[in-house]
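Asker:
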Amino acid sequence: MTDLHRLSIREMAEGLKSAQFSSRELTQHYLDRIAKLDDRVNSYVTVTPEYALAQADAADNLLKNGTAGTLAGVPLAHKDIFCTQGIKTSAGSKMLDNFISPYDATVVAKAKAAGLVTLGKVNMDEFAMGSTSESSFYGATKNPWNLEHVPGGSSGGSAAVVAADLAPFATGTDTGGSIRQPASFCGLTGLKPTYGRVSRFGMIAFASSLDQGGPMARSAEDCAFLMNTIAGHDAKDSTSINKEVDDYVANLNATAVKGLRIGIPKQYFNVQGLDAEVKARVEESLKTLESMGAILVEIDLNMTEAYVPTYYLIAPAEASSNLSRYDGVRYGYRCENPKDILDLHKRSRSEAFGAEVQRRILIGTYALSAGYYDAYYVKAQKVRRLIQQDFLTAFENVDVIAAPSAPTTAYKIGANLSPTEMYLGDIYTLAVNLAGLPAINAPVGFDKDSLPVGLQLIGNYWSESQLLSIVHQYQQNTDWHTKRAAIAEENA
Ligand code: GLN
């Protein structure tokens, strides 16, 4: 079969169960596509054909015995921020270009235990800092919809592999938008779960109080399958929450769209820099939801102006602390012929960290330094609480909140935005992480250059099922999520 990559996750799982094709065939199909097409997309940092085929054979055995779990034999790609035992985990950095983890991240271990097949590890902004995937040591990933544009970031590789059909779905991480924004730029569905829903164990830390892993796929249904696999409490992550996990697949129609109250924050739709076409597509999608019975309610989120400055203090502060472990001693890059220990630390870090990572470390270290800690870091934490409060007040009156995922469609590669221009592009996603809330991106159309536009729905804590269900029903009424980039239409 030449079109296995067109199947949904449900269809793949059913096809495997009913022996229409084997996991080996399905896996080889993707490996062939990667070999043929990925030169143009640059989405994989590491492809693991032998490992994948061995996992596929193991899944095929389970399928033959009738003991296979729901997703056994279905392939996926992992963002190169999740530690994989025996396979390089680079976090997109020269610092970890030689790093092979001795253990699996919990997300990876859960995927393995479910019988999912790892095709490889995919590209990302260095240490997940960025919005374009251009800061990777492995070069820029291309947007499958237009190879001259970025796929977004930091989970740009995860978005590109799915949009080019080089993997059926992928894991991503979201510290300030890194699942939702690349999903938006590549026409995908991506869910950032409530902080604590998915284990961070073995996920290379950027800003620990904000980082959260989640699924990126073509549809809400495909995301629900991956969420069923990766969500849940983990004793190895002290911030993971011990709370029952929903059956996200079974709940796909559980939320009534009729009567659903969707909050439209006034402040969000008046943001300077919101592209007129993005605004139009998002408003059209809200009209569609309204026609399905939802009630649109104008709301206030008064802290909007504080999102960017608050995040860009807290995230770099935590990053500067987290990244202090890369000292050239225990693992990672080590400079040649160090004179002494200080020279070893200094040169290893300045030779192996890229410009954006160094910028964040400098900002973060400054904000945490003795004289400025109260003025910057403590102040930012207080504002963070006000931002959270703003959402909680809003949720007294509405069920979910709608916003664009990003103010624009995908930038051109090499557009060379200044750091502040780039940071302002995160205006719609950062607050969700600051408050620890879940949010989802759904594709809702295209701009005049045929680049995808995304709608973001933000839910209250633990509302992942609700968000997936709303988007699932939207996707039953529309076909944006079924559109494919030209490169995805090519056969291997
Ligand atoms: N673009 C944001 C940043 O650069 C968010 C990145 C992320 O979510 N990992 O920090």
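Using the UniProt record's numbering, the first residue of the sequence shown is number 1, and each one after it goes up by one.
Heads up, the beta-carbon is just placed ideally off N, CA and C, and yes, glycines get one too.
Return the Cβ separation of residue 201 and residue 159 in integer angstroms, given the expectation that the two are a contact with Cβ distance under 8 Å.
Answerer: Within the sequence shown, the letter at position 201 stands for residue 201. Within the sequence shown, the letter at position 159 stands for residue 159. The pair is not a contact, with the Cβ atoms about 24 Å apart (cut-off 8 Å).
Asker: Note the first and the last residue of the continuous beta strand (DSSP E) segment covering residue 45.
Answerer: Position 45 of the sequence shown holds residue 45. From DSSP, the beta strand (DSSP E) with residue 45 extends over 44-47.
Asker: Determine, using beta carbons only, whether residue 34 and residue 116 come nearer to each other than 8 Å.
Answerer: For this step, residue 34 is matched to residue 34 along the sequence shown. For this step, residue 116 is matched to residue 116 along the sequence shown. Not a contact, by the Cβ cut-off of 8 Å.
Asker: Pull up the CB-CB distance for residue 292 and residue 257, whole angstroms please, since I reckon it's below 8 Å.
Answerer: On the sequence shown, position 292 is the one that residue 292 refers to. On the sequence shown, position 257 is the one that residue 257 refers to. Confirmed, about 5 Å.
Asker: Identify whether residue 261 lies in helix, strand or coil by the three-state DSSP scheme.
Answerer: By 1-based counting over the sequence shown, the position of residue 261 is 261. Here residue 261 sits in strand by DSSP.
Asker: Hey, out of 312, 279, 15, whose CA is closest to residue 409's CA?
Answerer: Taking the first residue of the sequence shown as 1, we reach residue 409 at position 409. Taking only the C-alpha atoms, the option nearest residue 409 is 279.
Asker: What's the gap between the Cα of residue 361 and the Cα of residue 68?
Answerer: In the sequence shown, residue 361 corresponds to position 361, counting from 1. In the sequence shown, residue 68 corresponds to position 68, counting from 1. If you take the alpha carbons of residue 361 and residue 68, they lie about 46 Å apart.
Asker: On a CA-only basis, which of 349, 427, 154, 255 is nearest residue 471? Give me that one, please.
Answerer: For the purposes of this step, residue 471 is taken as residue 471 along the sequence shown, with counting starting at 1. When each option's Cα is compared against that of residue 471, the closest is 255.
Asker: Is any heavy atom in the ligand GLN found nearer than 7 Å to the beta carbon of residue 454?
Answerer: Taking the sequence shown and counting its residues from 1, one reaches residue 454 at position 454. Flag unset: Cβ of residue 454 not near the ligand GLN.
Asker: Look at the alpha carbon of residue 71 and the alpha carbon of residue 13, and state the distance between them as a whole number of angstroms.
Answerer: Numbered from its first residue, the sequence shown carries residue 71 at position 71. Numbered from its first residue, the sequence shown carries residue 13 at position 13. Roughly 6 Å between the two C-alpha positions.
Asker: If you measure between the beta carbons of residue 193 and residue 419, is that distance less than 8 Å?
Answerer: As a working note, residue 193 is residue 193 in the sequence shown. As a working note, residue 419 is residue 419 in the sequence shown. Cβ distance not < 8 Å, so residue 193 and residue 419 don't count as in contact.
Asker: By alpha-carbon positions, which one of 190, 122, 165, 170 ends up nearest to residue 157?
Answerer: Within the sequence shown, the letter at position 157 stands for residue 157. Ranking 190, 122, 165, 170 by Cα distance to residue 157 puts 122 first.
Asker: Could you work out which residue in 42, 319, 402 is closest to residue 261 when comparing CA atoms only?
Answerer: Counted from its first residue, the sequence shown places residue 261 at position 261. With distances taken between Cα atoms, residue 261 lies closest to 402.
Asker: Identify every residue that forms a DSSP beta bridge with residue 143.
Answerer: The residue you call residue 143 lines up with position 143 of the sequence shown. Answer is 146, bridged to residue 143.
Asker: Within the same chain, show all residues whose beta-carbon is closer than 7 Å to that of residue 432, passing over the 5 residues directly before and after it, in chain order.
Answerer: As a first step, residue 432 must be located in the sequence shown, where it is residue number 432. Hits under 7 Å: 192, 439, 458.
Asker: Mind checking who residue 78 pairs with in its DSSP beta bridge?
Answerer: Numbered from 1 along the sequence shown, position 78 holds the residue referred to as residue 78. In DSSP, residue 78 forms a bridge with 121.
Asker: Taking the alpha carbon of residue 435 as the point to measure from, which residue in 449, 98, 359, 394 has its own alpha carbon closest?
Answerer: Sequence index remark: in the sequence shown, residue 435 carries index 435 (1-based). Nearest of 449, 98, 359, 394 to residue 435, Cα basis: 394.
Asker: I need the straight-line Cα distance from residue 344 to residue 405, nearest angstrom please.
Answerer: For the purposes of this step, residue 344 is identified with residue 344 of the sequence shown, where counting begins at 1. For the purposes of this step, residue 405 is identified with residue 405 of the sequence shown, where counting begins at 1. Between residue 344 and residue 405, the C-alpha separation is close to 42 Å.
Asker: Starting from the Cα of residue 223, find the closest Cα among 476, 8, 483 and give me that residue.
Answerer: One-based indexing of the sequence shown puts residue 223 at position 223. Residue 8 is the option with its Cα nearest to residue 223.
Asker: Say yes only if the C-beta of residue 154 is nearer than 7 Å to one or more non-hydrogen atoms of the ligand GLN, and no if none qualify.
Answerer: Counted from its first residue, the sequence shown places residue 154 at position 154. It does: the Cβ of residue 154 is within 7 Å (strictly closer) of some heavy atom of the ligand GLN.
Asker: Just checking residue 176 against the ligand GLN - is the residue's beta carbon closer than 7 Å to any of the ligand's heavy atoms?
Answerer: Taking the sequence shown and counting its residues from 1, one reaches residue 176 at position 176. True, at least one ligand heavy atom lies under 7 Å from that Cβ.
Asker: State whether the segment 165-182 contacts the segment 208-220, with contact taken as three or more CB pairs (one from each stretch) at a distance under 8 Å.
Answerer: With the cut-off at 8 Å, the segment 165-182 and the segment 208-220 touch.
Asker: For the 8 Å Cβ check, are there 3 or more pairs between the segment 294-304 and the segment 338-357?
Answerer: Touching, no.
Asker: Got a sec, what are the start and stop residues for the alpha helix (DSSP H) residue 346 sits in?
Answerer: Residue numbering aside, residue 346 sits at position 346 when the sequence shown is read from its first letter. Its alpha helix (DSSP H) spans residues 341-352.
Asker: Span of the alpha helix (DSSP H) holding residue 456?
Answerer: Here residue 456 corresponds to residue number 456 of the sequence shown, with the count starting at 1. First-last for residue 456: 452-459, but that is the beta strand (DSSP E), not the alpha helix (DSSP H).
Asker: Measuring alpha carbon to alpha carbon, tell me which residue in 175, 492, 231 is nearest residue 107.
Answerer: Reading the sequence shown from its first residue, position 107 is the one you call residue 107. The option with the nearest alpha carbon to residue 107 is 231.
Asker: Less than 6 Å between C-beta atoms, sequence neighbours within five positions excluded: which residues of the same chain meet that for residue 5?
Answerer: For the purposes of this step, residue 5 is taken as the residue at position 5 of the sequence shown. Taken in chain order, the residues that qualify are 165.
Asker: Exposed or buried, residue 442, counting other C-beta atoms within 10 Å across all chains shown (16 or more means buried)?
Answerer: Mapped onto the sequence shown, residue 442 falls at position 442. Counting Cβ neighbours within 10 Å, residue 442 comes out buried, since at least 16 surround it.
Asker: Suppose contacts are defined by Cβ-Cβ distances below 8 Å. Is residue 19 in contact with residue 77 by that definition?
Answerer: The count along the sequence shown starts at 1 and reaches residue 19 at position 19. The count along the sequence shown starts at 1 and reaches residue 77 at position 77. It is not a contact, given that the beta carbons lie outside the stated cut-off.
Asker: Please report the residue range of the beta strand (DSSP E) in which residue 215 lies.
Answerer: Residue numbering aside, residue 215 sits at position 215 when the sequence shown is read from its first letter. Counting along the chain, the beta strand (DSSP E) containing residue 215 begins and ends at 213-217.
Asker: So, is residue 238 buried or exposed, given that buried needs 16 or more other C-beta atoms within 10 angstroms?
Answerer: Within the sequence shown, the letter at position 238 stands for residue 238. It counts as exposed.
Asker: What are the boundary residues of the alpha helix (DSSP H) that includes residue 27?
Answerer: The residue you call residue 27 lines up with position 27 of the sequence shown. Taken as a continuous stretch (DSSP letters only), the alpha helix (DSSP H) holding residue 27 covers 23-41.
Asker: How would you call residue 173, buried or exposed, if buried means at least 16 neighbouring beta carbons within 10 angstroms?
Answerer: As a working note, residue 173 is residue 173 in the sequence shown. The residue in question, residue 173, is buried, as its Cβ has 16 or more Cβ neighbours within 10 Å.
Asker: Taking buried to mean at least 16 other C-beta atoms within 10 Å of its own C-beta, is residue 272 buried or exposed?
Answerer: What you label residue 272 is simply residue 272 of the sequence shown in a count that begins at 1. Counting Cβ neighbours within 10 Å, residue 272 comes out exposed, since fewer than 16 surround it.
Asker: Indicate whether residue 101 and residue 128 have their beta-carbon atoms separated by less than 8 Å.
Answerer: The residue given as residue 101 occupies position 101 in the sequence shown. The residue given as residue 128 occupies position 128 in the sequence shown. No, the pair does not count as a contact, with Cβ atoms beyond the cut-off.
Asker: Using 10 angstroms around the beta-carbon of residue 55, count the other beta-carbons present and answer buried if the total reaches 16, otherwise exposed.
Answerer: The residue given as residue 55 occupies position 55 in the sequence shown. Burial call: buried.
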